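Numbering (the working numbering), first residue to last: 1 to 338.
Here is the structure:
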């Protein structure tokens, strides 16, 4: 079998890595393409995925997104034509879905947040399979054209791709962190600019409170955010891609305005708060109901406490799930899930 995976954002590398490795271990031919955006390419190289870089991010405005979709989809068609792929798989990648549809390659799309309307309208209508967590009510996806295509999996996607994960303490030395002192990890909001956030909103207030209580590592999304954090001072801001999962596993608290890092913390058993300002998806709604994720409403709620035991270890009682179960669902366009 010849499979094609497309990576358009940093988290997609992590989600799809074990699926790619499983297929290669079984002797199948796997090709990987990647968009030049955030840490996508660097992470792909870190994990040895040998991705071919095609296209770049064109910006957040709708017009720029449309141009980017058209240009990159055309480039992917050119890349894939004649390669005789049996299946194309992406996690939220419109580009590979459009390209595979044009080339009549069976295709699967994966995601775990149901309110990205434009993205899902493209992927669900053109895709043959829609692989999502069972926390999402199926009827929320019908308006996108997903009816009859949904392949639901149990739990969090992070519980699958972190199933074989063992935290590496070297990340603490790399960042100059003292494991005996409280450690907080923060992921910035998706918005490009943090200007004035340090005084004027919840996320900024949380940053200031964390700086008073813990060694605070902030993982910015773009260069402008990094520069603003460095000007503010008092934060540890990595200059390059790091082993974020190991950092989360060793942290005492995670605060993120996004989604993936929150769920990684849940999967690894690290206390986590969300400052997400958009509409909560079904996955986060479930985690909040279960008490595994806390939605912050005030910076005063943030308290960092060391969670290690007397011997310096942290209990590992996390849920581990088999990535091959996800792979079977992604391969469902080729027949019944195995």
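All residues carry an ideal CB built from backbone N, CA and C; glycine is no exception. This structure is a prediction, so every number in the text was calculated from the model and none was measured.
- Per DSSP, residue 89 is one residue of the beta strand (DSSP E) stretching across 87–91.
- Residue 330 is positioned such that its CB atom lies closer than 8 Å to that of residue 89.
- For residue 242 and residue 171, the gap between their C-alpha atoms comes out near 7 Å.
- Distance check between residue 296 and each of 232, 281, 202 places 202 closest, using alpha-carbon atoms only.
- Note that the C-beta distance between residue 255 and residue 146 is not below 8 Å.
- Annotated as distal: residue 211 and residue 176, with beta-carbon spacing of 8 Å or more.
- Under the 8 Å Cβ criterion, the segment 138–152 does not count as touching the segment 205–222, having fewer than three qualifying pairs.
- Per DSSP, residue 115 lies in no beta strand (DSSP E) and is assigned neither H nor E.
- One Cα belongs to residue 103, the other to residue 81, and the distance between them is close to 7 Å.
- Three or more Cβ pairs closer than 8 Å define a contact, and the segment 5–12 meets that threshold against the segment 30–38.
- CA-CA distance, residue 87 to residue 73, rounds to 16 Å.
- In the DSSP assignment, residue 103 falls outside any beta strand (DSSP E), carrying neither H nor E.
- Note that the C-beta distance between residue 158 and residue 267 is below 8 Å.
- Annotated three-state conformation of residue 129 is strand, per DSSP.
- Judged by DSSP secondary structure, residue 160 falls outside any beta strand (DSSP E) and instead within the alpha helix (DSSP H) spanning 157–161.
- Close CB contacts of residue 245 within its chain, under the 8 Å cut and outside five residues either way in sequence, are with 14, 162, 165, 167, 264, 268 (chain order).
- With a contact defined as Cβ atoms closer than 8 Å, residue 132 and residue 150 qualify at about 6 Å.
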